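Student: Take this structure first; my questions come after.
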Amino acid sequence: MLLTLTAVVALAAAAVYAAPARPSHPLLSKDGLSRRAGSLSIPDDAVFRDMWMALSDMQETYFERWLGTWPDGIDWTRAVMGTHVAATLRTISDELHVDEPDQDVGCSTRKEEVIGGYFADVIAYYFAEDTFAIRNEAYDDMLWVVLAWLESIRFIDEHSRATSSSCSKESGAWPGLDAWYGSRWIPAFAHRARIFWELAAKGWDTKLCGGGMIWNPRLMPYKNAITNQLFISASIGMYLHFPGDSNSSPYETADWPPHDPVYGKAAQGAHEWLVSSNMTNKQGLYADGFHISGQSTGSNNTKCDERDEMVYTYNQGVLLSGLLGLYRATGQERYLNEGHTLIRNVISATGYDLEKNKPVDQIQPDSVPRWHGLGRAGVLEEACDASATCSQDAQTFKGIWMHHFAAFCGPAALRFTSSDFLGTQRPHRQAEADTVRARHERECRRYVPWLRHNARAAAGTRDENGLFGMWWTAGLLGLTGEAPIESAPDLHPLPPAADGEVVDYRNEGVPLDPKWTRGAGGGDVPPVPMPDTKRTSQEPLKSDRLTEKKKKRAKTARDDSGDGDAYDPNLRGRGRTVETQGGGLALLRALWLVSRLEG
Ligand SMILES: *[C@@H]1O[C@H](CO)[C@@H](O)[C@H](O)[C@H]1NC(C)=O
Ligand SMILES: *[C@@H]1O[C@H](CO)[C@@H](O)[C@H](O)[C@H]1NC(C)=O
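When we follow the numbering used here, the leftmost residue of the sequence shown carries the number 1, and every step to the right adds one.
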C-alpha cells in the first residue's frame with residue numbers, strides 16, 4: 001500500500017471508484033476484528049490512498065500549526081474538523097497494524113510517525129479550542145465538542161491497543177512500553193468531554209413540549225432536530241466511551257465513573273422524546289425543528305406546534321450514531337431498524353433507486369437534474385448547493401452525515417463487549433446478536449453502490465490541488481458553462497410550505513422577528529436585550545496572511561480552469577473551504593469503511 005508523506009501531492013486525475021474485484025479470502029477473521037488477509041484490490045487502494053490524501057490536504061492546506069487550529073473555521077466547525085481527523089486516524093491505524101511479516105522496520109516506524117504527526121494536530125487543537133467562547137454559545141455547539149473528544153479518545157484507545165502487543169516482550173527493561181504515548185492525553189480529553197456534556201445537558205427542558213433540548217438559550221425557545229440528535233448521540237457516546245474523570249476542576253469535588261447509567265438514560269429519554277415529537281416530514285426526513293406558538297404574545301401554549309419544514313442533510317445523520325449506541329447498550333434491534341429506515345429515506349430523497357442501483361433520472365449533458373428532496377442524480381446535496389448560497393454552517397453538513405453514517409454501518413459497528421450494556425443483564429444471547437449483526441451488515445452492504453456513486457461525484461469536484469468542492473453533484477455533470485445552472489428549475493429548492501413555514505435560517509441567518517428573537521417586539525413579554533451578533537454568530541480568526549494564502553489558492557484554481565472546457569461551479573459562493581474538504585474526507589472514509597462489508 002502506498003502510504004508515504006509524498007502523498008501530500010494531489011492526484012492529477014480523479015480516481016474512479018469502480019466496484020472492486022473482490023479478493024477470494026475472507027475479509028473478517030473469526031476473532032471478529034477487521035483483518036486484511038492479503039493485499040487489497042487496486043480500486044480499494046485508490047479509495048484508501050485518496051482518503052489519506054484528503055486528510056493530509058486538509059491539514060497541510062487549512063490547519064495552521066503555529067495557531068493550533070483551522071483559522072478559517074468557526075468554533076463548531078472546528079470541533080467537527082477535529083472529529084474528522086481523529087476518526088480518520090482511527091481508520092488508518094486499523095489498517096496499519098495488520099500483520100505484515102515482510103514489513104520493513106524503518107517503514108513501519110515512519111508510518112507510526114505519520115499517524116503521530118496528525119495526532120499532534122489534535123493535541124494542538126485541544127489548547128487552541130476556544131472553550132470560553134463555546135460555553136456562551138448554543139447547546140448544539142457544546143455537543144459537537146463532546147463528540148470530538150470522545151472520537152479522539154476512541155482513536156487513542158484503539159491505536160494504543162493495536163501498537164502495544166509488538167512491544168510487550170521488552171516492557172521489563174523499558175517501562176512504559178505497554179501504552180502508546182497518546183494515552184497520556186485521555187484524562188484531558190475525557191475531562192473536556194464531560195464538562196461540555198454537563199453544560200449542554202442544562203438545555204434539556206420539560207416545561208415545553210414535554211421534553212427535548214432547547215437549541216439556543218438566548219433566542220426564543222426552539223426545539224430542533226440537531227440539538228436533540230446530538231444530545232442522544234453524545235449521551236450514549238459518554239455512556240459507552242467516556243473513560244471516567246477524576247479531575248474536579250473548576251470547582252466540583254467528585255469522581256465521574258465510566259459507564260454511568262445517567263448518560264445512557266439521558267440518551268434513551270431524548271430518543272423517546274424525538275420519536276414522539278412528530279418532527280419527520282412526508283418523505284420520512286427530519287424537518288428542522290419546532291417553535292412553540294404564542295411564546296412572544298404571552299399565551300399559555302406549551303406545545304411544539306409550529307414546525308420549520310426546512311430540511312438539511314445533517315439532521316438526517318447525527319441520530320445514526322446515537323441509534324447504533326442505543327442498540328449496543330440495550331440489544332434492542334428496533335434502534336437499528338429505525339436507522340436503516342432513515343438511511344433509505346435519505347437515499348431515496350437523493351433520487352437514487354436502491355433496487356436498481358442507479359439514479360432514477362438520466363443525466364443529460366450540460367443540464368442540472370431535478371431535485372428529489374435531499375439531492376439529485378443520486379447524489380446527496382444541500383438545498384443551497386446548486387445556487388452556491390451555502391453558509392459556513394451548511395458547508396459542514398454533508399460531511400457530518402457521512403461521519404455518522406460510517407459510525408452506523410462501518411464493519412466495527414456491531415463488535416462490542418458486554419460492558420457496553422446498560423444494566424447488568426446481557427440483553428440477548430450471542431447467537432441472537434450474530435443474527436442481528438448479519439442482518440445489519442446485509443442492509444449496510446446495499447448502500448455501498450450509492451456511496452460509491454457519491455464518492456465518484458465528489459472526487460470530480462477536486463481541483464488541481466486536490467481540494468474538494470461543496471456541490472458534489474457537479475462532479476458528475478460535466479458542465480461547460482454557467483448557463484445550465486442558471487436555468488435549472490430548482491436551483492434553490494425548498495420543501496413545500498404546505499404543512500408549515502420554511503425558514504432556511506442556517507443559510508440566511510436567524511430572522512429578527514418575535515418568533516425567533518427575544519425582544520424583537522410585539523406581545524406583553526418585556527423586551528430583553530437583543531443578542532449581540534458576536535455571541536450568536538461565530539467568527540473565524542482574521543489574519544491577512546491567511547486571506548492572502550486563500551486568495552492565491554482561488555486564483556490558481558481560476559487560472560487553471562480557464563484553459564480547456566472545465567467550468568468549475570465550486571468556485572462560486574464560499575468556494576472550497578476547510579469545511580468542504582472535511583466533507584470529502586468523511587465521504588471517502590465512509591466508502592472505505594462500509595465497502596469492507598462487501599468482502
Ligand atoms: C405533525 O406535524 C405536521 C406538520 O407540522 C402536522 O401537519 C401534523 O398535524 C402533525 N401531526 C400530529 C399528530 O401532531
Ligand atoms: C392562561 O391561563 C390562564 C389560567 O388558566 C387564563 O386565565 C388565561 O386567560 C390564559 N391566557 C391565555 C393567553 O390564553
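Using N, Cα and C, we set each Cβ at its ideal position, and we do this for glycine too.
Note that the structure is predicted; figures quoted are calculated from it, not measured.
Regarding Tyr399 and ligand 1, is the C-beta to nearest heavy atom distance less than 7 Å?
Tutor: As a position in the sequence shown, residue 399 is number 399, starting the count at 1. At residue 399 the sequence reads Gly, which differs from the Tyr that was named. No.
Student: Are there any heavy atoms of ligand 1 lying less than 7 Å away from the beta-carbon of Gly289, as far as the coordinates show?
Tutor: Mapped onto the sequence shown, residue 289 falls at position 289. Not so, every heavy atom of ligand 1 lies at least 7 Å from the Cβ.
Student: What are the partner residues of Leu380, as DSSP defines its beta bridges?
Tutor: Position 380 of the sequence shown holds residue 380. Gly375.
Student: Measure the alpha-carbon distance for Ser248 versus Ala254 and round it to whole angstroms.
Tutor: By one-based count along the sequence shown, residue 248 stands at place 248. By one-based count along the sequence shown, residue 254 stands at place 254. Approximately 6 Å between the Cα atoms of the pair.
Student: By Cβ distance below 7 Å, which residues in the same chain neighbour Pro91 in space, the five residues on each side in sequence not counted?
Tutor: As a working note, residue 91 is residue 91 in the sequence shown. For the sequence presented, residue 91 should be read as Thr rather than Pro. Excluding sequence neighbours, Thr91 sits near Arg589, Trp592 and Leu593.
Student: Can you have a look at Pro261 and say buried or exposed, based on whether 16 or more other CB atoms are within 10 angstroms of its CB?
Tutor: Here residue 261 is taken as the residue at index 261 of the sequence shown, counted from 1. So Pro261 counts as exposed.
Student: Let me know the secondary structure DSSP gives Tyr567 once reduced to three states.
Tutor: Against the sequence shown, residue 567 aligns to sequence position 567. Tyr567: coil per DSSP, three-state reduction.
Student: For Phe290, which of Gln392, Ile156, Tyr126 and Asn216 has the nearest alpha-carbon?
Tutor: Looking up residue 290 in the sequence shown gives position 290. Per the Cα distances, Asn216.
Student: DSSP three-state label for Thr577, please.
Tutor: Position 577 of the sequence shown, counted from the first residue, corresponds to residue 577. The answer is coil: DSSP assigns Thr577 none of H, G, I, E or B.
Student: Measuring CB atoms only, is the segment 565-580 touching the segment 63-75, in the sense that at least three cross pairs come out at less than 8 Å?
Tutor: At 8 Å Cβ cutoff, the stretches touch.
Student: I need the straight-line Cα distance from Ala388 to Arg429, nearest angstrom please.
Tutor: For the purposes of this step, residue 388 is taken as the residue at position 388 of the sequence shown. For the purposes of this step, residue 429 is taken as the residue at position 429 of the sequence shown. Cα-Cα distance, rounded: 51 Å.
Student: Please indicate yes or no: does the CB of Arg278 lie closer than 7 Å to some heavy atom of ligand 1?
Tutor: For this step, residue 278 is matched to residue 278 along the sequence shown. The amino acid at residue 278 is misidentified as Arg; the sequence shows Asn. Asn278: yes, Cβ under 7 Å from ligand 1.
Student: Would Leu336 pass as a contact of His453 if the rule is Cβ separation under 8 Å?
Tutor: Here residue 336 corresponds to residue number 336 of the sequence shown, with the count starting at 1. Here residue 453 corresponds to residue number 453 of the sequence shown, with the count starting at 1. No, Cβ-Cβ distance for Leu336 and His453 is not below 8 Å.
Student: Anyone know if the C-beta pair for Tyr239 and His259 falls short of 8 Å?
Tutor: Taking the first residue of the sequence shown as position 1, residue 239 is located at position 239. Taking the first residue of the sequence shown as position 1, residue 259 is located at position 259. Yes, they are a contact pair.
Student: Output the boundary residues of the beta strand (DSSP E) element that contains Glu306.
Tutor: As a working mapping, residue 306 is identified with position 306 in the sequence shown. Unbroken beta strand (DSSP E) run through Glu306: Glu306 to Asp308.
Student: Does the beta carbon of Gly500 fall short of 7 Å from some heavy atom of ligand 1?
Tutor: On the sequence shown, residue 500 is found 500 positions in, with the first residue counted as 1. Yes, the Cβ of Gly500 comes within 7 Å of a heavy atom of ligand 1.
Student: To test your reading of the DSSP string, which unbroken alpha helix (DSSP H) runs of 4 or more residues are found completely within the segment 186-233?
Tutor: If we require 4 residues or more, the alpha helix (DSSP H) runs fully inside the segment 186-233 come out as 186-201.
Student: Report back the beta-carbon spacing between Pro495 and Met310 to the nearest angstrom; my notes put them in contact at under 8 Å.
Tutor: For this step, residue 495 is matched to residue 495 along the sequence shown. For this step, residue 310 is matched to residue 310 along the sequence shown. About 7 Å; that satisfies the 8 Å criterion.
Student: What residue from Pro489, Val47, Glu381 and Glu272 has the CA that sits closest to Cys209's CA?
Tutor: As a first step, residue 209 is located in the sequence shown; it is residue number 209 there, counting from the start. Measuring from the Cα of Cys209, the nearest candidate turns out to be Glu272.
Student: At which residue ranges does the segment 65-119 contain complete alpha helix (DSSP H) runs of 4 or more residues, listed in the order of the chain?
Tutor: Qualifying alpha helix (DSSP H) stretches, in chain order: 75-96.
Student: Taking the straight line between their C-alpha atoms, what separation do you get for His340 and Trp450?
Tutor: Residue mapping note: residue 340 aligns to position 340 of the sequence shown, counting from 1. Residue mapping note: residue 450 aligns to position 450 of the sequence shown, counting from 1. Approximately 14 Å between the Cα atoms of the pair.
Student: Below 7 Å, is the gap between the Cβ of Arg307 and the nearest heavy atom of ligand 1?
Tutor: The residue you call residue 307 lines up with position 307 of the sequence shown. Answer for Arg307: yes, Cβ within range of ligand 1.
Student: When DSSP labels each residue in this structure, what does Thr341 get in the three-state scheme?
Tutor: By 1-based counting over the sequence shown, the position of residue 341 is 341. In this structure, Thr341 counts as helix in the three-state DSSP scheme.
Student: Taking the CB atoms as reference points, tell me whether Asp308 and Glu501 lie closer together than 8 Å.
Tutor: The residue labelled residue 308 in the question sits at position 308 within the sequence shown. The residue labelled residue 501 in the question sits at position 501 within the sequence shown. The answer is yes: Cβ separation under 8 Å.
Student: Indicate the three-state DSSP secondary structure (helix, strand or coil) for Thr280 in the structure shown.
Tutor: Within the sequence shown, numbered from 1, the residue matching residue 280 stands at position 280. The answer is strand: DSSP assigns Thr280 an E or B state.
Student: Going by other Cβ atoms of all chains shown within 10 Å of its Cβ, with 16 needed for buried, is Ala190 buried or exposed?
Tutor: Within the sequence shown, residue 190 is the residue found at index 190, counting from 1. Buried.
Student: Measuring CA to CA, which of Val122, Asp94, Ala124 and Phe127 is closest to Lys111?
Tutor: On the sequence shown, residue 111 is found 111 positions in, with the first residue counted as 1. Looking at the Cα atoms, Asp94 is the closest of the given residues.
Student: Put Asp245 into one of helix, strand or coil per three-state DSSP.
Tutor: The residue labelled residue 245 in the question sits at position 245 within the sequence shown. It is a strand residue.
Student: So what's Phe155 in DSSP terms, helix, strand or just coil?
Tutor: As a first step, residue 155 must be located in the sequence shown, where it is residue number 155. Of the three classes helix, strand and coil, the one that applies to Phe155 here is helix, per DSSP.
Student: Whose CA, out of Gly466, Ser164 and Pro411, lies closest to the CA of Asp178?
Tutor: Sequence index remark: in the sequence shown, residue 178 carries index 178 (1-based). With distances taken between Cα atoms, Asp178 lies closest to Ser164.
Student: Is Leu150 near Phe242, with beta carbons less than 8 Å apart?
Tutor: Taking the first residue of the sequence shown as 1, we reach residue 150 at position 150. Taking the first residue of the sequence shown as 1, we reach residue 242 at position 242. Closer than 8 Å, so yes.
Student: Going by C-alpha distance, which of Leu477, Thr313, Tyr312 and Pro221 is nearest Ser296?
Tutor: Mapped onto the sequence shown, residue 296 falls at position 296. Nearest of Leu477, Thr313, Tyr312 and Pro221 to Ser296, Cα basis: Pro221.
Student: Identify every residue that forms a DSSP beta bridge with Phe290.
Tutor: The residue given as residue 290 occupies position 290 in the sequence shown. BP columns for Phe290 point to Lys223 and Arg307.
Student: Below 7 Å CB to CB, which residues in the same chain sit around Arg445 once its five sequence neighbours on both sides are set aside?
Tutor: By one-based count along the sequence shown, residue 445 stands at place 445. So the list reads Leu597 and Glu598, once near-sequence residues are dropped.
Student: Using CA atoms only, rank isn't needed, just tell me which of Phe196, Glu198, Met213 and Arg506 is closest to Trp204.
Tutor: Translated into positions along the sequence shown, residue 204 becomes position 204. Comparing Cα positions, the closest option is Met213.
Student: For the putative contact between Leu342 and Gly237, defined by C-beta atoms under 8 Å, what is the C-beta separation to the nearest angstrom?
Tutor: Counting from 1 along the sequence shown, the entry for residue 342 is found at position 342. Counting from 1 along the sequence shown, the entry for residue 237 is found at position 237. In fact, because the Cβ distance is near 18 Å, the residues do not count as touching under 8 Å.
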